[in-house]
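Remarks on the structure that follows.
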Amino acid sequence: MTNHVHLLLSADRTESAGELMKALGQRYVQYVNRTYQRSGTLWEGRFRSCLIQEEDYLLACQRYIELNPVRAGMVAHPAEYRWSSYGVNAQGEANALVKPHSLYVALGLDNAGRQMAYRELFRDELESSLVDDIRRATNGNFALGNERLDGWGLSRTERISASQMGELLIAAFHSPVMPEFISSLPIAGVDGTMKSRFKETLVAGRAHMKTGTLNEVATIAGYLLDHKTRRNVVVFFINHAQAANARTALDTLIRWVYERA
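Quick note: the sequence shown uses UniProt numbering, first residue 1, plus one each step.
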């Protein structure tokens, strides 16, 4: 934007973001003053910031930032704005300042697939309520997210069958929030609760799934690309005294689906 800049950062240390903004406030101001033969401060007041709950809001914040010039009437499409990361995320342009987040990487199996899925996110505008939430969090310097710690947690008071879960996953796949939903699921052999499963197998990187456990209960559900690159919905619920020992059986079933589907 002409009067402000948005940065979306994933810090490797707690203090990294603050150190970056301090350096930016010093070195960049010095550069501008030297280049344009000016003096004094450049920024108006302290920068505004908020923490983001990654799985639910990171991609939404990327869209918010890249759609900002469109909302301001500066361009008709985010690809037209020169100082945007849209060209990197949606069109594969090179930019050393932009590093893909794991949620973005999870949008597809390769760069072309990710870029296509990312472009699909821009078919619809962000909901006005979400735009308001992002602005309130940024201006108020509070976290952007929801109150849940694990919205996939199992419960003994709530009931859903395997077939109902399958129908829910199919509906989610055909919904407008499909890319964000799938990217929020752990990737087999890569991250989250699936990081240690299917390593060095053909399933690694091809399944987005969530696991759940209770006493005498074990579950796994999500999406799997089989050996023919067809997407399958997979749901396994085990209710048994030996459910805690079911991991090998569940993993074998998932490999069978990959090979035989």
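Where is the CB? At the ideal position from N, CA and C, for every residue including glycine.
If you're wondering where the values come from, they're calculated on a predicted model, not measured in any experiment.
**Request:** Please say whether Ala106 and Ser183 have beta carbons closer to each other than 8 Å?
**Result:** yes
**Asked** So, helix, strand or coil for Tyr223, using DSSP?
**Response** strand
**Endpoints, the alpha helix (DSSP H) within which Ala171 is located** = Element bounds for Ala171: 162 to 173.
**Prompt:** Do you know how far the Cα of Pro69 is from the Cα of Ala112?
**Reply:** 25 Å
**Request:** Can you tell me the Cβ-Cβ gap for Ala221 and Met165, rounded? I've got them flagged as a contact below 8 Å.
**Result:** 5 Å
**Prompt:** With distances taken from CA atoms, which of Glu216, Leu130, Glu125, Gln91 is nearest Gln115?
**Reply:** Gln91
**Request:** Can you have a look at Asn89 and say buried or exposed, based on whether 16 or more other CB atoms are within 10 angstroms of its CB?
**Result:** buried
**Request:** Mind checking who Gly212 pairs with in its DSSP beta bridge?
**Result:** Thr219
**Ala207, DSSP secondary structure in three states** = strand
**Request:** Ignoring anything shorter than 4 residues or poking outside the UniProt domain "Transposase IS200-like" (1 to 68), list the alpha helix (DSSP H) runs there in chain order.
**Result:** As far as the UniProt domain "Transposase IS200-like" (1 to 68) is concerned, its whole alpha helix (DSSP H) runs of at least 4 residues are 16 to 23, 29 to 36.
**Prompt:** Since Phe236 is in the beta strand (DSSP E), which residue starts that stretch and which ends it?
**Reply:** 231 to 239
**Message:** Quick check: what's the CA-CA separation for Glu66 versus Val29?
**Reply:** 24 Å
**Request:** Answer yes or no: the CB of Gly40 versus the heavy atoms of the ligand ATP, is any distance below 7 Å?
**Result:** Absence of the ligand ATP is noted for the structure shown, with no ligands found whatsoever.
**Test item: CB-CB of Leu144 and Leu9 under 8 Å** = no
**Asked** According to DSSP, which residues form a beta bridge with Leu130?
**Response** Leu130 pairs with nothing; no bridge assigned.
**Asked** Going by Cα to Cα distance, which pick from Leu7, Lys195, Tyr258, Phe142 is closest to Trp83?
**Response** Leu7
**Asked** What residue from Thr35, Leu42, Thr14, Tyr36 has the CA that sits closest to Glu24's CA?
**Response** A quick correction: the sequence has Leu, not Glu, at residue 24. Selected option, being the one with the closest Cα: Leu42.
**Asked** When DSSP labels each residue in this structure, what does Asp251 get in the three-state scheme?
**Response** helix
**Request:** For the alpha helix (DSSP H) containing Phe181, list its first residue and its last residue.
**Result:** 178 to 183
**Item:** Helix, strand or coil at Trp152 [DSSP, three-state]
**Value:** For Trp152, the predicted structure reports a pLDDT of 47, less than 50, and the residue's modelled location is therefore unreliable. A value from the coordinates is still provided. Residue state, collapsed to three classes: coil.
**Item:** Proximity of Arg34 and Asn139 at Cβ, strictly below 8 Å
**Value:** no
**Message:** Residues in the same chain with beta-carbon distance under 7 Å from Phe237, minus the five sequence neighbours each way, listed in chain order, please.
**Reply:** Ala162, Thr219
**Leu144 - partner residues in DSSP beta bridges** = Ile52
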